[in-house]
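Going letter by letter, the sequence shown gives residues 39 to 624 in the working numbering. No residue lacks a Cβ here, since even glycine has one placed at the ideal position from N, Cα and C. The structure presented is a predicted model; accordingly, all values stated were derived computationally and were not measured. The next block holds one structure in the form of structure tokens; read it before the comments.
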Amino acid sequence: MRNSFTAGRRRALASSAALTGLVLSGLAATSVSAQSAPPDPSADPPADCAVPFPVADVAKGDAVNGLTVSDGTTPEPFTGEVLGVLEDGIAADLDMVMVRLNSAEIDRVGGIWSGMSGSPVYASDGRLIGAVAYGLSWGPSPVAGVTPFEEMDDYLGGVAPRRIPVTKEQARAIARDSEVTRAQAEQGFAQLKMPMGVSGVRAGRLAQAKRTKQHPWLPHSTYRAGAVRAAGQAPGAETIEAGGNMAASLSYGTVTMAAVGTATSVCDGEVVGFGHPMTFLGQTTLSLHPADALYIQEDSVGSPYKMANLGSPVGTVTDDHLSGISGPFGPLPETSAITSHATYLTRDRTGETHVSVPEAMPAATFYQVLSTNDRVRDGYGKGSALLDWTISGHVGADPFELSATDRYASEWDITYESAWPVADLIWALSSISDLSIDEVRTDNAIDDDSSTWRVVGVEQYRKGAWRSVSRKVPALAKAGRKLVLGINLRSSADRIRVPVRMMVPRKAGGSGGRISALGGGMMWSELGNLHTIEQAERYVASLVRNDQVAVELSLEGRRRPITVDTLSDPTEKVVLGRKWVRVLVR
Numbered sequence: 039m040r041n042s043f044t045a046g047r048r049r050a051l052a053s054s055a056a057l058t059g060l061v062l063s064g065l066a067a068t069s070v071s072a073q074s075a076p077p078d079p080s081a082d083p084p085a086d087c088a089v090p091f092p093v094a095d096v097a098k099g100d101a102v103n104g105l106t107v108s109d110g111t112t113p114e115p116f117t118g119e120v121l122g123v124l125e126d127g128i129a130a131d132l133d134m135v136m137v138r139l140n141s142a143e144i145d146r147v148g149g150i151w152s153g154m155s156g157s158p159v160y161a162s163d164g165r166l167i168g169a170v171a172y173g174l175s176w177g178p179s180p181v182a183g184v185t186p187f188e189e190m191d192d193y194l195g196g197v198a199p200r201r202i203p204v205t206k207e208q209a210r211a212i213a214r215d216s217e218v219t220r221a222q223a224e225q226g227f228a229q230l231k232m233p234m235g236v237s238g239v240r241a242g243r244l245a246q247a248k249r250t251k252q253h254p255w256l257p258h259s260t261y262r263a264g265a266v267r268a269a270g271q272a273p274g275a276e277t278i279e280a281g282g283n284m285a286a287s288l289s290y291g292t293v294t295m296a297a298v299g300t301a302t303s304v305c306d307g308e309v310v311g312f313g314h315p316m317t318f319l320g321q322t323t324l325s326l327h328p329a330d331a332l333y334i335q336e337d338s339v340g341s342p343y344k345m346a347n348l349g350s351p352v353g354t355v356t357d358d359h360l361s362g363i364s365g366p367f368g369p370l371p372e373t374s375a376i377t378s379h380a381t382y383l384t385r386d387r388t389g390e391t392h393v394s395v396p397e398a399m400p401a402a403t404f405y406q407v408l409s410t411n412d413r414v415r416d417g418y419g420k421g422s423a424l425l426d427w428t429i430s431g432h433v434g435a436d437p438f439e440l441s442a443t444d445r446y447a448s449e450w451d452i453t454y455e456s457a458w459p460v461a462d463l464i465w466a467l468s469s470i471s472d473l474s475i476d477e478v479r480t481d482n483a484i485d486d487d488s489s490t491w492r493v494v495g496v497e498q499y500r501k502g503a504w505r506s507v508s509r510k511v512p513a514l515a516k517a518g519r520k521l522v523l524g525i526n527l528r529s530s531a532d533r534i535r536v537p538v539r540m541m542v543p544r545k546a547g548g549s550g551g552r553i554s555a556l557g558g559g560m561m562w563s564e565l566g567n568l569h570t571i572e573q574a575e576r577y578v579a580s581l582v583r584n585d586q587v588a589v590e591l592s593l594e595g596r597r598r599p600i601t602v603d604t605l606s607d608p609t610e611k612v613v614l615g616r617k618w619v620r621v622l623v624r
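Next comes the structure, spelled out in structure tokens:
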């Protein structure tokens, strides 16, 4: 692939190795309206305005009860007992309450499940102890770690822990009061792995992309999910209540990137839930969604997980911190639009995605282009693609637009190969201060012809005829005059001559050197660090298309070397290979 890059540290979508927790493992849904309308203000969620129960007053053996959803949207009760408190168990000054929970569904699936994060756990007097957020590291278990509710409005710094150890004494206590063995309990608590649900891209493609190492902006723990259901086809904001489903997305549309968990408390038009971070971005603009649970899937190795459909957005998650996510109902976050169009034979398709979190733009763009390509090609295969793209936005108040066209060829999977370049550039643009992307548009024409040109020779037009030149037979040029060359290209079934003209500098008289003809498909463009929009504009303007030939005249001048560059017109195939010949200037 061309136009890949290696660069320094940048803001990027957090890799899913850090996006772990008892949040989601299953989304399933159908279609989405382009930009969902604001939620109906008459369908307000029921407020509970819970009163926190101080962790300092929690004691071993205390009875607890809670609410969560395993089917549909109606919260169901569960009960339990406090096993103890892990001081600083989640982070400095953030304790974890250990509880053993039970209900008919918890018993059926073997323990708490992914998607149960945020489920409220109450003391016997009705005050809210906190939210289910952690499970034992070893596998499915009814033992849960609870994030204290009194801390869920105090957003802390630090790094989200991957594993929370327990002492041998605490492990013995857990083993004594549950079916867990001491050895299992000693492995500690952890947020269960939270794969990012991605719609529009089939599971095999997600697995293929996860194996790619050179794109750090791409989540590395994903699974195939469904898109957001259109308004009127799924539950509304009124179903986001204490113990009810809630979801948050980085994008929605053809490509929905989201996670489903549970609401902990609703008050004054805001909701708090999950009990742990989703992406740990702090201040953010995730879209807030209701969800409809289908069922809880058992898993004998890892944690059981909730399968759910998402509804249209009903608000904005403004905070994503160590102790949970929260935000208001009502206004939706501003989004950037990604529109991709692809054609193949008689088929064409247009996809549209709305991205609410800027850090997700590279991944959403890659998935969006790949999704549209795959839908029209409908299978792996060799071929070529002519891709047009435009990225528009603002740097501060000043608008910008970047656009280019390029051709790609692949002997194994053209739809996959042509999906990367635009996403790579978007990631590089994230280094530019105050830059925001408003829209990304792509148009990809795919066909089955994977053949390429190869540079096989160079000719010079001189004295009314084309004459072959080489290392032994030099091209003859005149200072201050045009040098007319023909670059000979050959494919498996055809041969063409591509004309190139370049002006020889007047000061080059009496010098000699070489002419190099390089196929554009052989050139590797390093993005490096883009710190200004001017740098980005120069980078795009200097891109050599894969279907062009780059020709360089290099001369040994009297005082310093002389170099002249030019490009051929685009051809109908990717050009590979290179040739160089000698040149003498009179």
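Inclusion of Ala285 and Ala297 in the CB contact set at 8 Å is warranted, their separation being smaller than that value. Shown here, Gln321 sits in a strand according to DSSP, grouped into three states.
In summary, Thr601 is exposed, with fewer than 16 beta-carbon neighbours lying within 10 Å of its beta-carbon over all protein chains present. Shown here, Thr388 sits in a strand according to DSSP, grouped into three states. Runs of beta strand (DSSP E) with 3 or more residues, each lying fully within the region 107-155, are found at 114-129 and 132-140, listed in chain order. The closest CA to that of Ser489, considering only Ala515, Asp532 and Lys501, is found on Asp532. Between the alpha carbons of Gln498 and Leu556 lies a gap of roughly 16 Å. Judged by DSSP secondary structure, Asp357 falls within the beta strand (DSSP E) whose first and last residues are Gly353 to His359. Distance between Gly299 and Pro459, taken at the CA atoms: about 34 Å.
For Arg624, no alpha helix (DSSP H) segment is defined, and its DSSP state is neither H nor E. Contact check for Leu370 against Thr391 fails: the beta carbons are separated by 8 Å or more. When C-beta atoms of the region 441-456 are compared with those of the region 411-429, three or more pairs fall below 8 Å, so the two segments count as touching.
Here the alpha carbons of Gln573 and Gly362 stand approximately 39 Å from one another. Beta-bridge analysis with DSSP links Gln498 to Arg505 and Leu523. Within the same chain, Val266, Met284, Ala285, Ala286, Ser287, Tyr290, Ala296, Leu348, Gly349, Ser350, Pro351 and Val352 come within 8 Å of His327 by CB-CB distance, once the 5 residues on both sides are set aside. Boundaries of the beta strand (DSSP E) around Lys344: Tyr343 to Leu348.
Going by beta carbons, Asp357 and Thr317 fall outside the 8 Å limit. Burial check for Asp607: the Cβ neighbour count within 10 Å stays below 16, so the residue is exposed.
Taken atom to atom, the span from the alpha-carbon of Met136 to that of Ala161 is near 13 Å.
Taking a C-beta distance under 8 Å as the contact criterion, Gly235 and Gly104 do not qualify as a contact pair. Sequence-distant Cβ neighbours of Val493 in its own chain, meaning closer than 8 Å and more than five residues away, are Ile525, Asn526, Leu527, Ala555, Leu556, Gly557, Val587, Val613, Leu614, Gly615, Arg616 and Lys617. For Ile484, DSSP records a beta bridge to Tyr382 and Ala423. Here Ser506 has Glu497 as same chain residues with Cβ atoms under 6 Å from its own Cβ, once five neighbours each way along the sequence are excluded. Excluding residues up to 5 positions away in sequence, Lys520, Leu521, Val522, Leu523 and Thr604 lie with their Cβ nearer than 8 Å to the Cβ of Arg539 in the same chain. According to DSSP, Glu594 shares a beta bridge with Pro599.
Ranking Ser409, Ser364 and Gly110 by CA distance to the CA of Thr277 puts Gly110 first.
For the pair of segments examined, the region 472-484 was found to touch the region 380-391: the number of CB pairs separated by less than 8 Å reaches three. Non-local beta-carbon contacts of Ser430 in its own chain, meaning distances under 6 Å to residues more than five positions away in sequence, involve Glu439, Asp476 and Glu477 in chain order. The C-beta distance from Val414 to Arg387 rounds to 5 Å, short enough to meet the 8 Å contact threshold. Per the coordinates, the alpha-carbon of His253 lies some 45 Å from the alpha-carbon of Lys510. Per the coordinates, the alpha-carbon of Val170 lies some 41 Å from the alpha-carbon of His432. Counting every other CB atom within 10 Å of its CB across the protein chains shown gives Lys501 a total below 16, marking it as exposed. Remark: C-beta atoms of Met399 and Ile464 approach each other more closely than 8 Å. Gly559 counts as buried, since no fewer than 16 other beta carbons sit within 10 angstroms of its beta carbon. Counting C-beta atoms within 10 angstroms of its own C-beta, Asp145 has fewer than 16 neighbours from the protein chains shown and is therefore classed as exposed.
Separation of His314 and Arg479 (C-alpha to C-alpha, rounded to the nearest whole angstrom) is 35 Å.
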